[in-house]
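Reading through the structure tokens given below for one structure.
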Amino acid sequence: MAKNLKEILVENSNGLVHMWLEEVAEKQKEVTNSAISQDLFENTNREFVNIIFGSVEKESLTSDLDNFTERVINLGWPLSYLTDGLQLFKRVAIEYLIEHEELDVPVPKVLRHVDELVNPIINQLVNEYSGSWENTVSLQRVALQELSAPLIPVMDNITVMPLIGTIDTERAKFIMENLLDGVIKHHAEVVLIDITGVPVVDTMVAHHIIQAAEAVRLIGSTCILVGIRPEIAQTIVNLGIDLSKFPTKSSLRKGFTTALEMTNQMIVQTNSEEQTIEELIDSLDRSEQS
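Here UniProt numbering is used: position 200 in the sequence shown is 200, and no number is missing along the way.
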């Protein structure tokens with residue numbers, strides 16, 4: 001009986017596709033946004049329903065469905081687009097089979113057989129979507145971490161780590177690892193940790209920064225904390241946070257000047273075409289602001 005039901009669905013696929021497309025078109029606004037063109041949505045729907053029929057006919061998942069799921073994720077469409085599409089297919093198939101004149105099958109059997117054809121596809125598709133989404137999020141997280149705490153060598157023995165955004169425990173751990181690895185790799189004697197782009201410095205954030213500075217000190221280098229705005233200075237005082245163990249400066253310019261003094265370096269002008277120290281520090285300030 002299941003075979004006969006499947007054959008009826010496949011033989012009448014054109015009519016079922018038309019019915020399904022009309023149903024799923026009503027959900028376009030819930031699935032896509034104005035950035036998605038009408039043509040893309042319609043083409044994606046047609047590809048989806050053809051893949052559904054291919055999976056129903058073979059009673060197994062195909063590689064086309066896996067590839068389609070990955071493309072939907074890349075488009076940024078939600079899982080509900082896939083699950084709703086399959087549920088609509090079940091409804092259309094059931095309604096068509098019940099109304100089929102030559103089919104003399106009780107409604108409960110129709111429901112059960114359609115479930116047996118479609119539910120395995122839904123289950124596997126959800127698993128595939130979840131796995132692909134988790135992998136995508138994981139890759140994005142790694143890429144973001146790599147960009148979130150760069151250590152930039154600006155001169156011999158001097159490096160800068162600009163921090164932007166909120167610092168939580170996970171990110172603080174990455175900052176610590178990147179900082180220590182970078183200090184050793186670049187043979188840095190002084191590291192400027194720039195918190196200009198950190199919106200809030202509370203007890204936890206200060207604790208992480210102090211830990212990072214202490215770890216750098218233990219491997220023979222010095223941290224200078226720069227970018228301390230007046231409101232952050234007031235917060236630090238009110239919280240009773242002790243930052244006396246390492247130098248602090250209000251701007252990257254002042255911190256860089258101190259770093260030069262600590263490493264017994266200076267920049268001198270040898271001809272009119274070379275940068276003066278003010279020009280170099282100005283360029284650092286501009287990069288900080290951008």
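Beta carbons are placed, not taken as given, at the ideal position from N, Cα and C, and that holds for glycine.
Please read these numbers as outputs of a predicted model, since none were measured by experiment.
- Taken atom to atom, the span from the alpha-carbon of L243 to that of D156 is near 26 Å.
- Taking the Cα of D115 as reference, the smallest distance to any Cα among S130, Y129, L97, T203 is reached at L97.
- V24 is a Cβ neighbour of N45, given a cutoff of 7 Å.
- For P230, the enclosing alpha helix (DSSP H) stretches over residues 230–239.
- For I267, no beta strand (DSSP E) segment is defined, and its DSSP state is neither H nor E.
- In the three-state reduction of the DSSP assignment, L243 falls in the coil class.
- With contacts defined by Cβ atoms closer than 7 Å, A93 and L21 do not form a contacting pair.
- Taken through DSSP and simplified to helix, strand or coil, V17 comes out as helix.
- At the C-beta level, I51 and L65 come within 7 Å of one another.
- By the CB criterion at 7 Å, K249 and G255 fall inside the cutoff.
- CA-CA distance, P162 to V237, rounds to 23 Å.
- According to DSSP, G197 shares a beta bridge with I164.
- Judged by DSSP secondary structure, V226 falls within the beta strand (DSSP E) whose first and last residues are 222–226.
- For I8, the enclosing alpha helix (DSSP H) begins and ends at 2–11.
- Beta bridge pairing from DSSP links P153 with T159.
- Minimum Cα-Cα distance from L117 among the listed residues E177, F53, V216, E128 corresponds to F53.
- In this structure, V201 sits near T235, with a CB-CB distance shorter than 7 Å.
- Put simply, the backbone Cα of S221 is about 23 Å away from that of T169.
- In the structure shown, V105 falls within a coil segment according to DSSP collapsed to helix, strand and coil.
- Excluding its 5 nearest sequence neighbours in each direction, V216 has C-beta neighbours in its own chain below 8 Å: L179, L180, V183, V191, T222, C223, listed in chain order.
- Here I152 has T159, V160, M161, P162 as same chain residues with Cβ atoms under 8 Å from its own Cβ, once five neighbours each way along the sequence are excluded.
- Per DSSP, the unbroken alpha helix (DSSP H) holding D181 starts and ends at 169–186.
- In this structure, E7 is the residue among A172, E7, T196 with its C-alpha nearest to the C-alpha of E57.
- Within the same chain, Cβ atoms closer than 6 Å to the Cβ of V205 are found at I167, the five residues on either side in sequence being excluded.
- A direct Cα-to-Cα measurement between Q124 and Y81 gives close to 15 Å.
- DSSP places E70 inside the alpha helix (DSSP H), whose first and last residues are 63–75.
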